[in-house]
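>
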Amino acid sequence: MAGLELLSDQGYRLDGRKAAELRKVQARMGVFAQADGSAYLEQGNTKALAVVYGPHEMRGSRSRALHDRAVINCQYSMATFSTAERKRRPHGDRKSTEMSLHLKQTFEAAVMTQLFPRSQIDIYVKILQSDGGNYSVCVNAATLAVINAGIPMRDYVCACTVGFVDETPLADLCYAEESGGVSSLALALLPRGGQIALLQMDARLHQDHLESLIEAAMTACKGVSKVLDEVVRQHLQEASVLTRE
Amino acid sequence: MAVDMRLPTVKSPPVSVLDRKDLVVPGDVITSDTGFMRGHGTYVDEDKLTASVAGKVQRVDKLICVRPLKTRFNGEVGDVVVGRITEVQQKRWKVETNSRLDSVLLLSSVNLPGGELRRRSAEDELTMREYLHEGDLISAEVQSVFSDGALSLHTRSLKYGKLGQGVLVQLSPSLIKRQKTHFHNLPCGASIILGNNGFVWLYPTPGQQEEEAGGFYTSLEPVSLSDREVISRLRNCLLALAAHKMLLYDTSVLYCYESSLQHQVKDVLKPEVMEEIVMLTQQKLLEQES
Chain A
1 MAGLELLSDQ GYRLDGRKAA ELRKVQARMG VFAQADGSAY LEQGNTKALA VVYGPHEMRG
61 SRSRALHDRA VINCQYSMAT FSTAERKRRP HGDRKSTEMS LHLKQTFEAA VMTQLFPRSQ
121 IDIYVKILQS DGGNYSVCVN AATLAVINAG IPMRDYVCAC TVGFVDETPL ADLCYAEESG
181 GVSSLALALL PRGGQIALLQ MDARLHQDHL ESLIEAAMTA CKGVSKVLDE VVRQHLQEAS
241 VLTRE
Chain B
1001 MAVDMRLPTV KSPPVSVLDR KDLVVPGDVI TSDTGFMRGH GTYVDEDKLT ASVAGKVQRV
1061 DKLICVRPLK TRFNGEVGDV VVGRITEVQQ KRWKVETNSR LDSVLLLSSV NLPGGELRRR
1121 SAEDELTMRE YLHEGDLISA EVQSVFSDGA LSLHTRSLKY GKLGQGVLVQ LSPSLIKRQK
1181 THFHNLPCGA SIILGNNGFV WLYPTPGQQE EEAGGFYTSL EPVSLSDREV ISRLRNCLLA
1241 LAAHKMLLYD TSVLYCYESS LQHQVKDVLK PEVMEEIVML TQQKLLEQES
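Same order as they appear, the protein sequences are chains A and B.
Sequential numbering of the first sequence, starting at 1, is according to our numbering.
Sequential numbering of the second sequence, starting at 1001, is according to our numbering.
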């Protein structure tokens, strides 16, 4: 184990949270006027901006179009100033390509693409500040943006990362915990039906612990979905008050 | 150069946080009664009618739909649209109309110069790019809707066709009020096309002489400064109305224009001025109704 104690004897983590406690989630929908849908989401110190265009005609290579459903095109990027060390991040490096692919898989499970044959939906996500759990924050922000664009979805997609320390699952890891050598797992969930849209783990973990870890991740995702639900309802209220309907 | 600064304003909390029953979010069960029909914005999950978009539930007899607050343009036959040519293909143009797929304008559904009843020859196919090329703006009417949702347009009337000098404002399609006519010559000295797809075209009111060319003639005469000012003011008024989610039609635009006259054209874009003139417009509309 690294020098840091990730979970104190009293059951507190580095930033003072309990094991199953999430970071504070704040979000806003409709931050841009020109895009079809947009959202800004903060989860603790991780901040992401998501923009959705579409469904629209295939641009670029027409041959990728599918005759029975829409193609989802995701692009993930990180701002140069998003991490402690300032760094130019060229487009299409391996890490961001992989992340784009994961986002694409997640949203293909949730968006009802079969309603829009031969078209394309673009989802662009940018991390403005990175403090762990980039994938899950991106998924949560993009969900809000897709809802804002009025694109039909089966359910919200909520994501959360969970780590395993001292026989206890830790919900919603921050950067210090993520880099502390914890075996972590990212999970994207459709909360109402309890279907898993994406499950990813690169570290080693004993088979016996997997079940409890997934269980903890699902609980955390449901917590996130409650917050997102509140944001969407609030936004709906405000918008319908404006149109005086 | 004068710089305008304002402090960040606190967004006022919504007036009433009532738990409204008619607003749903994706995944909400609308009804578990199987007697209803599934409309747009809904799907059936284990015999329960569930919403797939965030918006307002609308019920017509047995049909339940959910209308999202903001979507792309869903065209219907007879809608007036303003669009931009993206591609010239064989016998057809592709037009970007803020729809889910690009719309199609067939060579056989345009009025070519030289009479209504002209045969379309192979030569016409070769010279299509001379009539309309990529980037041109047109006004047209929806002729039919294909099975995949793409629109087929026509310009078989002298009021439709290529657009010349003017200003395009892109707004949300849900803000345009459906009316008998979407072409208006406003008394303030400019004309407006309120496309159902949310594209609004502002242009100087044309003279009489250009009717002959079948919609392909574009005037390159310089537009006078006063006309340009009127058009810029109208554009800013449209943006102000759209920012406050007001429905756009000839009367609302005109009243907004009249209420903005006491301000400079560029000042209309300031949030506080926007709010003021929109309030005045609402008042005028209410007075006119009663």
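In this text, a Cβ means the ideal position worked out from N, Cα and C, and glycines have one as well.
Throw me the rounded Cβ distance for the Asp1079/B and Glu1141/B pair, which I believe falls under 8 Å.
Taking the second sequence and counting its residues from 1, the one referred to as residue 1079/B is at position 79. Taking the second sequence and counting its residues from 1, the one referred to as residue 1141/B is at position 141. Indeed, because the Cβ distance is near 7 Å, the residues count as touching under 8 Å.
> Could you tell me which chain B residues have their CB closer than 9 Å to the CB of Asp36/A, listed as they occur along the chain?
Mapped onto the first sequence, residue 36/A falls at position 36. Ordered by position in chain B, the residues that pass the 9 Å Cβ test against Asp36/A are Lys1070, Thr1071 and Arg1072.
> Near Pro1187/B, which residues of its chain fall below 8 Å by C-beta distance, leaving aside the five closest residues on each side in sequence?
Numbered from 1 along the second sequence, position 187 holds the residue referred to as residue 1187/B. The residues are Leu1254.
> Where does Lys1162/B land, buried or exposed, given buried means 16+ other C-beta within 10 angstroms?
Taking the first residue of the second sequence as position 1, residue 1162/B is located at position 162. Result: buried.
> Please list, in chain order, all residues of the same chain as Ser183/A whose beta carbon is under 8 Å from its beta carbon, the five residues on each side excluded.
By 1-based counting over the first sequence, the position of residue 183/A is 183. Closer than 8 Å at Cβ, skipping near neighbours: Gly163, Phe164, Met201, Ala203, Arg204 and Leu205.
> Here's a check: name, in chain order, each residue in its chain whose Cβ is nearer than 6 Å to the Cβ of Asn1197/B, leaving out the five neighbours to either side.
One-based indexing of the second sequence puts residue 1197/B at position 197. Excluding sequence neighbours, Asn1197/B sits near Phe1073, Val1081, Thr1097, Asn1098 and Pro1173.
> Of all Cβ atoms in chain B, is any one closer than 9 Å to the Cβ of Glu42/A?
Sequence index remark: in the first sequence, residue 42/A carries index 42 (1-based). Judged by the 9 Å Cβ criterion, Glu42/A is not in contact with chain B.
> I'd like to know whether the C-beta of Leu198/A is nearer than 9 Å to at least one C-beta of chain B.
Walking along the first sequence from the start, residue 198/A turns up at place 198. Judged by the 9 Å Cβ criterion, Leu198/A is not in contact with chain B.
> If you count every other CB in all the chains shown that lies within 10 Å of the CB of Glu1221/B, and 16 or more means buried, which is it?
Here residue 1221/B is taken as the residue at index 221 of the second sequence, counted from 1. Under this definition Glu1221/B is an exposed residue.
> Determine the extent of the beta strand (DSSP E) in which Phe1199/B is found, giving its start and end residues.
Start at 1 with the first residue of the second sequence, and residue 1199/B comes out as number 199. Where Phe1199/B is concerned, the enclosing beta strand (DSSP E) stretches over Phe1199 to Pro1204.
> So what does Arg1038/B bridge to, in DSSP terms?
Numbered from 1 along the second sequence, position 38 holds the residue referred to as residue 1038/B. Paired residue(s): Ile1064/B.
> Given this structure, state the Cα-to-Cα distance separating Thr1281/B from Gln43/A, to the nearest angstrom.
Reading the second sequence from its first residue, position 281 is the one you call residue 1281/B. Reading the first sequence from its first residue, position 43 is the one you call residue 43/A. If you take the alpha carbons of Thr1281/B and Gln43/A, they lie about 41 Å apart.
> What three-state label does DSSP hand Ala159/A in the structure shown?
On the first sequence, residue 159/A is found 159 positions in, with the first residue counted as 1. Strand, per DSSP.
> Indicate whether the contact test is met: 3 or more Cβ pairs, each with one atom in the stretch 1128-1135 of chain B and one in the stretch 1164-1180 of chain B, closer than 8 Å.
Too few Cβ pairs lie closer than 8 Å, so no.
> Which residue comes first and which comes last in the beta strand (DSSP E) that contains Asp122/A?
Here the question's residue 122/A lines up with position 122 in the first sequence. Here the beta strand (DSSP E) through Asp122/A covers Ser119 to Gln129.
> What does the Cβ neighbour count give for Met1274/B, buried or exposed, with the cut at 16 atoms within 10 Å?
Along the second sequence, read from residue 1 onward, the residue named residue 1274/B stands at position 274. So Met1274/B ends up on the buried side.
> Would Asp1148/B count as contacting chain A if we go by Cβ distances under 9 Å?
Position 148 of the second sequence, counting from 1, holds the residue named residue 1148/B. Output row for Asp1148/B: interface = yes.
> Looking only at C-alpha atoms, which of Val1088/B, Leu1194/B, His1244/B and Met1037/B sits nearest to Leu1168/B?
Sequence index remark: in the second sequence, residue 1168/B carries index 168 (1-based). Cα-wise, what sits closest to Leu1168/B is Leu1194/B.
> Asp122/A and His209/A - do their beta-carbons sit closer together than 9 Å?
For the purposes of this step, residue 209/A is taken as the residue at position 209 of the first sequence. For the purposes of this step, residue 122/A is taken as the residue at position 122 of the first sequence. Result no, Cβ atoms of His209/A and Asp122/A do not sit closer than 9 Å.
> Assuming Leu1153/B contacts Val1077/B under a Cβ cut-off of 8 Å, what Cβ separation, rounded to an integer in Å, is found between them?
Here the question's residue 1153/B lines up with position 153 in the second sequence. Here the question's residue 1077/B lines up with position 77 in the second sequence. So it is not a contact: roughly 11 Å between Cβ atoms.
> Cβ of Asp229/A less than 9 Å from any chain B Cβ?
Here residue 229/A is taken as the residue at index 229 of the first sequence, counted from 1. Taking Cβ atoms only, chain B reaches closer than 9 Å to Asp229/A, which makes this a yes.
> Taking 9 Å as the threshold (beta carbon to beta carbon), is Ser136/A in contact with chain B?
Numbered from 1 along the first sequence, position 136 holds the residue referred to as residue 136/A. No, Ser136/A does not count as interfacial toward chain B.
> Kindly list, in the order they appear in chain A, the residues whose Cβ is closer than 7 Å to that of Ala1054/B.
Counting from 1 along the second sequence, the entry for residue 1054/B is found at position 54. Result: Ile147, Val232 and Leu236.
> Applying the criterion that 16 or more other CB atoms from any shown protein chain within 10 Å of the CB defines a buried residue, is Arg13/A buried or exposed?
Along the first sequence, one-based indexing puts residue 13/A at 13. When all chains shown are included, Arg13/A counts as buried.
> On the three-pair Cβ rule with 8 Å, is the stretch 1032-1040 of chain B touching the stretch 135-148 of chain A?
Result no; under three Cβ-Cβ pairs closer than 8 Å.
> Following the continuous beta strand (DSSP E) through Met201/A, name the residue where it begins and the one where it ends.
Here residue 201/A refers to the residue found at position 201 when the first sequence is read from its first residue. Looking at the DSSP string, the run of the beta strand (DSSP E) that includes Met201/A is Gln195 to Met201.
> So with CB distances below 9 Å, who are the chain A contacts of Asp1043/B?
Here residue 1043/B is taken as the residue at index 43 of the second sequence, counted from 1. Just to set this straight, residue 1043/B is Tyr in the shown sequence, not Asp. The answer, in chain order, is Met112, Pro152 and Arg154.
> Pair every Cβ in the stretch 79-94 of chain A with every Cβ in the stretch 106-125 of chain A, then say whether three or more of these pairs are closer than 8 Å.
No, the stretch 79-94 of chain A does not touch the stretch 106-125 of chain A.
> Which one of Arg64/A, Ala186/A, Thr97/A and Gln26/A has the shortest CA to CA distance from Cys74/A?
The residue labelled residue 74/A in the question sits at position 74 within the first sequence. When each option's Cα is compared against that of Cys74/A, the closest is Thr97/A.
> Within the 9 Å Cβ cut-off, does Glu1096/B reach chain A?
Counting from 1 along the second sequence, the entry for residue 1096/B is found at position 96. Answer yes: the Cβ-Cβ gap between Glu1096/B and chain A drops below 9 Å somewhere.
> Can you have a look at Tyr60/A and say buried or exposed, based on whether 16 or more other CB atoms are within 10 angstroms of its CB?
Position 60 of the first sequence, counting from 1, holds the residue named residue 60/A. Here residue 60/A turns out to be Gly, not Tyr, going by the sequence shown. So Gly60/A counts as exposed.
> Nearest chain B C-beta to Leu190/A closer than 9 Å, yes or no?
Looking up residue 190/A in the first sequence gives position 190. With 9 Å as the cut-off, Leu190/A counts as an interface residue toward chain B.
> Count the CB pairs spanning the stretch 12-27 of chain A and the stretch 168-182 of chain A that are closer than 8 Å, and state whether there are at least three.
Yes, the stretch 12-27 of chain A is in contact with the stretch 168-182 of chain A.
> Classify Lys1071/B: buried if its beta carbon has 16 or more other beta carbons within 10 angstroms, exposed otherwise.
Along the second sequence, read from residue 1 onward, the residue named residue 1071/B stands at position 71. A small correction: the amino acid at residue 1071/B is Thr; Lys does not occupy that position in the sequence shown. Thr1071/B is buried by the Cβ-count criterion.
> If contact is defined by three or more beta carbon pairs under 8 Å, each pair taking one atom from either stretch, is the stretch 1254-1263 of chain B in contact with the stretch 1233-1244 of chain B?
Result yes; three or more Cβ-Cβ pairs closer than 8 Å.
> First and last residue of the beta strand (DSSP E) that includes Gln1288/B?
To locate residue 1288/B, count along the second sequence from 1; it is residue 288. Run containing Gln1288/B: none in the beta strand (DSSP E); it sits in the alpha helix (DSSP H), Pro1271 to Glu1289.
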